[in-house]
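For the record, the sequence lines run as chains A and B.
Going by my numbering, 106 is the number at position 106 of the first sequence; the sequence numbering is gapless.
Start counting at 1 in the second sequence, then tack on 1000, and there's your number in my numbering.
Where is the CB? At the ideal position from N, CA and C, for every residue including glycine.
Only one structure is covered here, and it is reproduced in the block below.
Number of protein chains: 2
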Amino acid sequence: MSETGVDAVLGALADPTRRALLDALAARGQASASALAADLPVSRQAIVKHLAILEEAGLVSSARAGREVRYTLRSQALDATARWMASLAGEWDRRLNAIKRAAEADDDPPRPQ
Amino acid sequence: MSETGVDAVLGALADPTRRALLDALAARGQASASALAADLPVSRQAIVKHLAILEEAGLVSSARAGREVRYTLRSQALDATARWMASLAGEWDRRLNAIKRAAEADDDPPRPQ
DNA sequence: CGTAGGTGCAACCACAGGGTTGCACGACGA
DNA sequence: TCGTCGTGCAACCCTGTGGTTGCACCTACG
């Protein structure tokens, strides 16, 4: 339960269109759904849905500016997920080493090779 | 193109069942599809499909042992993806700072606040 | 031998979700 | 005030894929 929204972030990042959307946002720094729709080969509505998912995952934030809504990147969630993955990788290594070590010490003493 | 199989890893990691599968594998260190099927509430066939996807993403590796196939965790791809995400987060920060700075210098000189 | 445990293959079902279109509503500029 | 631009909402289609069942095949083990 301690992980931020790792599953949400992973789910959001799993879609290519969403990643392209994030790229476009990174390039513009800030943009409305309609503006982003001009960059990608999908309809504005599709973009809006994707943005909703990305915002839900904490990867972007929205702010109303007059009659339009500006979206901005939010690196925090991404960074947190990266950390989570790195620590998981470390965990795997520790786990596997421990098991391998135990197997060697438990199974092989009479038969080193 | 330089990214390992980031999209494959993200796609693989996006599914909850697959993450549970990886957890189970981490606990056992090494296991066959049938053994893993005992841990999860899905059929062996479903497990096999997931394992195929995970192997495709480089998150696990398989090795035949007699009449069964043993699967093992592979932390490398996970670690690489974690690094990719972290660098992406850094990229976003740099991008946003640059843009914000430019906006302030270009728009606000007469109006600091 | 035969039997049991483990895989592999294939067909099939059902639902989530990525995508679209259409329309109504609110805000800005002339 | 009117036109227009950007949103929001809703219905709808259709593919992908997570899941299942059934069966054939192979390998160990008695």
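Straight-line gap, residue i to residue j (C-alpha atoms, nearest Å)
i, j, result
"A/Ala103", "A/Asp79", "36 angstroms"
"B/Arg1101", "A/Leu51", "25 angstroms"
"A/Leu10", "B/Ala1037", "24 angstroms"
"A/Pro16", "B/Arg1044", "29 angstroms"
"A/Leu21", "A/Arg28", "11 angstroms"
"A/Asp39", "A/Glu55", "19 angstroms"
"B/Met1001", "B/Arg1083", "For B/Met1001, the predicted model reports a pLDDT of 41, less than 50, meaning its position is unreliable; a value from the coordinates is still stated below. Roughly 15 angstroms separates the two Cα atoms."
"A/Arg18", "A/Gly66", "25 angstroms"
"A/Tyr71", "B/Gly1005", "28 angstroms"
"B/Val1048", "A/Ala86", "26 angstroms"
"B/Val1069", "B/Ala1014", "25 angstroms"
Nearest neighbour of residue i, chosen from the options [CA to CA]
i, options, result
"B/Ala1077", "B/Val1042, B/Ala1038 and B/Leu1059", "B/Leu1059"
"A/Ala57", "A/Arg64, A/Trp92, A/Leu73 and A/Gln30", "A/Leu73"
"B/Arg1095", "A/Ala98, A/Ala86, A/Asn97 and A/Ser75", "A/Ser75"
"B/Ser1061", "B/Ala1031, B/Val1006, B/Asn1097 and B/Trp1092", "B/Ala1031"
"A/Glu91", "B/Leu1025, B/Ala1008, B/Val1069 and B/Lys1049", "B/Leu1025"
Cut-off 7 angstroms between Cβ atoms - residues of its own chain near residue i, not counting five sequence neighbours on either side
i, result
"A/Asp23", "none"
"A/Arg64", "none"
Segment limits, alpha helix (DSSP H) that includes residue i
i, result
"A/Ala8", "Val6 to Leu13"
6 angstroms Cβ shell around residue i - same chain, five flanking residues per side excluded
i, result
"A/Ile53", "Ala12"
Sequence-distant residues of its chain with Cβ nearer than 8 angstroms to residue i (five each side left out)
i, result
"B/Ala1035", "Arg1028"
"A/Asp7", "none"
| message | List, from N- to C-terminal side, the alpha helix (DSSP H) runs of 4 residues or more that fit wholly inside the stretch 19-91 of chain A. | response | 33-39 and 44-56
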